[in-house]
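A.B. asks:
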Amino acid sequence: SIFNNAEELHQAKLQHEDEEKSSEEESEETMFFCQHRFIKDSKMFQILKRPLTPLIDSSQSSSKRVPSFTISSPTKRRRVDPTKRTSVYAKACAKLQLSAVPDELPCREKQRDEIMNFLKHSIGSGGSGSGLYISGMPGTGKTATVHQVVRELHQLTEDGDLPSFDYVEINAMKLPNPYHAYSDLWRKLTGKHAAPTRACQLLGERFQKANSSRECCILLIDEMDFLLTQKQTVIYNLLDWPTRPHARLIVICIANTMDLPERLSLRVQSRLGLRRMVFSPYNQKELREIIHARLGNSIFEPKAIELCCRKVSNVSGDVRRALQISRRAAEIREEKNRPPKGSKARRTSRSSLSSSGQTKESRLVTMHDIEEAVFSLFDSPSIAFIRALRKYERVFLCCVVLQLRQLRLEEAPFEDIFDRFTTTCQSKGFQTITSRVARDIATGLEQIRLILFRYHDVDRNPSIRLNVQEDDICLGLDNDSICANLLDLNRAED
Ligand SMILES: Nc1ncnc2c1ncn2[C@@H]1O[C@H](COP(=O)(O)OP(=O)(O)OP(=O)(O)O)[C@@H](O)[C@H]1O
Ligand SMILES: [Mg+2]
1 SIFNNAEELH QAKLQHEDEE KSSEEESEET MFFCQHRFIK DSKMFQILKR
51 PLTPLIDSSQ SSSKRVPSFT ISSPTKRRRV DPTKRTSVYA KACAKLQLSA
101 VPDELPCREK QRDEIMNFLK HSIGSGGSGS GLYISGMPGT GKTATVHQVV
151 RELHQLTEDG DLPSFDYVEI NAMKLPNPYH AYSDLWRKLT GKHAAPTRAC
201 QLLGERFQKA NSSRECCILL IDEMDFLLTQ KQTVIYNLLD WPTRPHARLI
251 VICIANTMDL PERLSLRVQS RLGLRRMVFS PYNQKELREI IHARLGNSIF
301 EPKAIELCCR KVSNVSGDVR RALQISRRAA EIREEKNRPP KGSKARRTSR
351 SSLSSSGQTK ESRLVTMHDI EEAVFSLFDS PSIAFIRALR KYERVFLCCV
401 VLQLRQLRLE EAPFEDIFDR FTTTCQSKGF QTITSRVARD IATGLEQIRL
451 ILFRYHDVDR NPSIRLNVQE DDICLGLDND SICANLLDLN RAED
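Here it is as structure tokens:
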């Protein structure tokens, strides 16, 4: 099976493991593939649990930029129809799937209105010269919001309230290389194949010529960061074509990086008369609203959802994680409530909780289930190391994070971190320690590869950078009240 992301892969693995437990058939080899981008995320990596072998055979991996990996696992071929899983937990999991996107996205009403107004106005005025640049962290609903708006626009067209338009989408991350954006766009517009260079030429001609019978076209360029080339020609062309008088082209660019426009050359920036929109990470309250909207009458204790949303908003605000943790917690609760194998209750209670004789409370997903879910999903060796650190090591690591956050740089000089460390120790009432001892602490952290040293000059103190994701540090330290406070992990909902 080939999956687009680690989420899908994880779900498939769980299902296979279920089948494995319940089937007595002979083992057969099953391969799982997942795109590199998701696997390279250390936390997602941990989901996979089993050793990964890179696929060298180019016939298996479609491109160099998106290498695949395979996990071999002795599982069975028999498939269980997911719709046959009828427990309340399975139903909740289904509602928490990424693919179960609601028709209207909670907490994105303002952005939806803004995109809607922009597109309606652009279509109404013939399209040319219009562009919108959307940036934001992963899992903040950028793609989903644009999709919702486009669905609504199609509806308006069907109802005769808006001129009809074409809609084309390029996901740069899925292209073998940036130049294939031309071929992809040409194929989606005309249904014809052309090599990248030829497609670029044909597209240039198409958008240059006046053609009143051609409908206005909305082009969504998702994951635009992946189109960056040394000369930036692909991005230049894609932004230049809409500015031509007869192009009738409206471009919406989506990227994770907020400063992508600034990183473009002046020539490209001159084509970038785009409006900008930023999708901020979801806060705790918003995540709670999103999960409530999906679950309705919940099988979760309210405190469990609070905890899940707090943990996620503290580290990333990525709704995918909140959904993933909630699903895993529901599975854990289901497993705990499953009657022992062979018992009468097991045979009769698969679809109904009440028949298993459990109290209502014991059926609900608890805070403890959430903790277990977080642990099982994000239990990376680095988090284990961080949890095992001693007091001064933990505080020092917090100071590295805080210093880098403040500078918005990748590395900071040891002396600066030491100054912050000294002030922090004083403010927390800890005995202050010398620079030499602090250096030993840093060396200890470097030896377990939580941080890295870089020497600009052998005689001088090194600069320090993190060798693990900040999210891992936050997850590893969120049980330590002092560090949680330093890193602002228990902030109130904003
Ligand atoms: N407001 C919301 N309400 C309900 N579900 C949401 C909301 N925002 C996001 N989601 C869910 O999260 C998933 C990821 O959202 P989306 O793909 O839009 O994120 P993104 O910002 O484009 O992330 P990336 O930068 O990684 O592409 C969606 O498929 C949807 O299931
Ligand atoms: Mg997206």
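Start counting the sequence shown at 1; every next residue gets the next number (full-length UniProt numbering).
Cβ coordinates follow ideal geometry from the N, Cα and C atoms, glycine included.
Measuring CB to CB, does A293 end up less than 8 Å from L227?
C.D. replies: Stepping through the sequence shown from its first residue, residue 293 is reached at position 293. Stepping through the sequence shown from its first residue, residue 227 is reached at position 227. No, Cβ-Cβ distance for A293 and L227 is not below 8 Å.
A.B. asks: Counting only the same chain and skipping the five closest in sequence on each side, list residues whose C-beta sits under 6 Å from that of E415.
C.D. replies: In the sequence shown, the residue the question calls residue 415 occupies position 415. Answer for E415: N461, listed in chain order.
A.B. asks: Distance, Cα to Cα, E152 vs E215?
C.D. replies: Numbered from its first residue, the sequence shown carries residue 152 at position 152. Numbered from its first residue, the sequence shown carries residue 215 at position 215. Their backbone Cα atoms lie some 18 Å apart in a straight line.
A.B. asks: Okay, do the region 467-484 and the region 304-321 touch, 3+ Cβ pairs below 8 Å being the bar?
C.D. replies: The answer is yes - the region 304-321 touches the region 467-484, with three or more Cβ pairs under 8 Å.
A.B. asks: Could you tell me whether the Cβ atoms of L219 and I250 are closer together than 8 Å?
C.D. replies: Locating residue 219 in the sequence shown gives position 219, counting from the first residue. Locating residue 250 in the sequence shown gives position 250, counting from the first residue. Yes. Within cutoff.
A.B. asks: If you compare alpha carbons, which of L156, F385, P163 and I221 is closest to L185?
C.D. replies: For this step, residue 185 is matched to residue 185 along the sequence shown. Closest by alpha carbon: I221.
A.B. asks: With H, G and I counted as helix, E and B as strand and the rest as coil, what does DSSP make of M277?
C.D. replies: Stepping through the sequence shown from its first residue, residue 277 is reached at position 277. Looking at M277 - three-state DSSP - the assignment turns out to be strand.
A.B. asks: Taking all protein chains shown into account, do 16 or more other C-beta atoms lie within 10 angstroms of the C-beta of I299, making it buried, or fewer, making it exposed?
C.D. replies: On the sequence shown, residue 299 is found 299 positions in, with the first residue counted as 1. Result: buried.
A.B. asks: For ligand 2, any of its heavy atoms closer than 7 Å to the Cβ of D225?
C.D. replies: Looking up residue 225 in the sequence shown gives position 225. No, Cβ of D225 sits at least 7 Å from all heavy atoms of ligand 2.
A.B. asks: Comparing alpha-carbon positions, which option in L450, T366 and E262 lies nearest R328?
C.D. replies: One-based indexing of the sequence shown puts residue 328 at position 328. Minimum Cα distance to R328 is reached at T366.
A.B. asks: Can you list, in chain order, the residues of its chain whose CB lies under 7 Å from that of K142, leaving out five sequence neighbours each side?
C.D. replies: Your numbering for residue 142 matches position 142 in the sequence shown. These residues qualify, in order along the chain: I134, G136, I254 and F279.
A.B. asks: Taking its Cβ as the centre, do 16 or more other Cβ atoms sit within 10 Å of M277, making it buried, or is it exposed?
C.D. replies: As a first step, residue 277 is located in the sequence shown; it is residue number 277 there, counting from the start. Looking at its Cβ environment, which holds 16 or more other Cβ atoms inside 10 Å, M277 is buried.
A.B. asks: Would you mind working out which of D419, L98 and I448 sits nearest S435, comparing C-alpha positions?
C.D. replies: Position 435 of the sequence shown, counted from the first residue, corresponds to residue 435. If we check each option's Cα against that of S435, D419 comes out closest.
A.B. asks: Label P51 either buried or exposed according to how many other C-beta atoms from any shown protein chain fall within 10 Å of its C-beta, with 16 as the threshold for buried.
C.D. replies: Here the question's residue 51 lines up with position 51 in the sequence shown. For P51, the predicted model reports a pLDDT of 32, less than 50, meaning its position is unreliable and no value from the coordinates is stated.
A.B. asks: Would the C-beta of G141 count as close to ligand 1, meaning under 7 Å from any of its heavy atoms?
C.D. replies: Within the sequence shown, the letter at position 141 stands for residue 141. Checking the Cβ of G141 against ligand 1 gives yes.
A.B. asks: If the criterion is Cβ atoms closer than 8 Å, does the pair A373 and Y89 meet it?
C.D. replies: On the sequence shown, residue 373 is found 373 positions in, with the first residue counted as 1. On the sequence shown, residue 89 is found 89 positions in, with the first residue counted as 1. Their beta carbons are not under 8 Å apart, which means A373 does not touch Y89 by this criterion.
A.B. asks: If we require 4 or more residues per run, which alpha helix (DSSP H) segments fall completely within the region 251-276?
C.D. replies: As far as the region 251-276 is concerned, its whole alpha helix (DSSP H) runs of at least 4 residues are 260-263 and 266-269.
A.B. asks: Exposed or buried, Y455, counting other C-beta atoms within 10 Å across all chains shown (16 or more means buried)?
C.D. replies: Within the sequence shown, numbered from 1, the residue matching residue 455 stands at position 455. The residue is exposed, with fewer than 16 neighbouring Cβ atoms inside 10 Å.
A.B. asks: Tell me the DSSP bridge mates of C216?
C.D. replies: As a position in the sequence shown, residue 216 is number 216, starting the count at 1. C216 pairs with F165.
A.B. asks: With distances taken between CB atoms, is the gap from V168 to C93 smaller than 8 Å?
C.D. replies: In the sequence shown, counting from the first residue as 1, residue 168 sits at position 168. In the sequence shown, counting from the first residue as 1, residue 93 sits at position 93. Not a contact, by the Cβ cut-off of 8 Å.
A.B. asks: Quick check: the Cα distance between P381 and Q230, rounded to an integer number of angstroms?
C.D. replies: One-based indexing of the sequence shown puts residue 381 at position 381. One-based indexing of the sequence shown puts residue 230 at position 230. When rounded, the distance between both Cα atoms is 37 Å.
A.B. asks: For ligand 2, any of its heavy atoms closer than 7 Å to the Cβ of I451?
C.D. replies: Taking the sequence shown and counting its residues from 1, one reaches residue 451 at position 451. Flag unset: Cβ of I451 not near ligand 2.
A.B. asks: On a CA-only basis, which of P106, R387 and L364 is nearest I332? Give me that one, please.
C.D. replies: In the sequence shown, counting from the first residue as 1, residue 332 sits at position 332. It is L364.
A.B. asks: Along the chain, where does the alpha helix (DSSP H) that runs through F207 open and close?
C.D. replies: Within the sequence shown, the letter at position 207 stands for residue 207. Run containing F207: P196 to Q208, per the alpha helix (DSSP H) assignment.
A.B. asks: If we count the other Cβ atoms within 10 Å of its Cβ and call it buried at 16 or more, is P196 buried or exposed?
C.D. replies: Here residue 196 corresponds to residue number 196 of the sequence shown, with the count starting at 1. So P196 ends up on the buried side.
A.B. asks: What number of angstroms, rounded off, separates the C-alpha of P82 from the C-alpha of K91?
C.D. replies: One-based indexing of the sequence shown puts residue 82 at position 82. One-based indexing of the sequence shown puts residue 91 at position 91. Unreliable placement is indicated for P82, whose pLDDT of 48 sits below 50; the coordinate value is still reported in the next sentence. Taking the straight line joining both Cα atoms gives about 10 Å.
A.B. asks: Are L445 and E393 touching if we call contact CB-CB under 8 Å?
C.D. replies: As a first step, residue 445 must be located in the sequence shown, where it is residue number 445. As a first step, residue 393 must be located in the sequence shown, where it is residue number 393. Their beta carbons are under 8 Å apart, which means L445 touches E393 by this criterion.
A.B. asks: For R465, which residues does DSSP report across the bridge?
C.D. replies: Position 465 of the sequence shown, counted from the start, is the residue given in the question as residue 465. E411 and L452, per the DSSP bridge assignment.
A.B. asks: Kindly give me the distance between the Cβ atoms of V401 and E470, rounded to whole angstroms, as I take these residues to be in contact under 8 Å.
C.D. replies: One-based indexing of the sequence shown puts residue 401 at position 401. One-based indexing of the sequence shown puts residue 470 at position 470. Between E470 and V401 the Cβ distance is about 6 Å, and since that is below 8 Å, they are a contact.
A.B. asks: Are the beta-carbon atoms of V268 and Q324 separated by less than 8 Å?
C.D. replies: Locating residue 268 in the sequence shown gives position 268, counting from the first residue. Locating residue 324 in the sequence shown gives position 324, counting from the first residue. No, they are not a contact pair.
A.B. asks: Confirm the yes/no value for this check: CB of I170, any heavy atom of ligand 1, distance under 7 Å.
C.D. replies: Walking along the sequence shown from the start, residue 170 turns up at place 170. No - ligand 1 has no heavy atom lying nearer than 7 Å to the Cβ of I170.
A.B. asks: Quick one: what does DSSP say V365 is sitting in, helix, strand or coil?
C.D. replies: As a first step, residue 365 must be located in the sequence shown, where it is residue number 365. In this structure, V365 counts as strand in the three-state DSSP scheme.
A.B. asks: Count the other CB atoms, across all protein chains shown, that sit within 10 Å of the CB of L310; report buried if there are 16 or more and exposed otherwise.
C.D. replies: Locating residue 310 in the sequence shown gives position 310, where the first residue counts as 1. The amino acid occupying residue 310 in the given sequence is Arg; Leu does not appear at that position. The residue is buried, with at least 16 neighbouring Cβ atoms inside 10 Å.
A.B. asks: Could you give the C-beta distance for G126 and P242, rounded to a whole number, given that I count them as a contact under 8 Å?
C.D. replies: Numbered from 1 along the sequence shown, position 126 holds the residue referred to as residue 126. Numbered from 1 along the sequence shown, position 242 holds the residue referred to as residue 242. So it is not a contact: roughly 11 Å between Cβ atoms.
A.B. asks: Measuring CB to CB, does A181 end up less than 8 Å from V146?
C.D. replies: The residue given as residue 181 occupies position 181 in the sequence shown. The residue given as residue 146 occupies position 146 in the sequence shown. No, they are not a contact pair.
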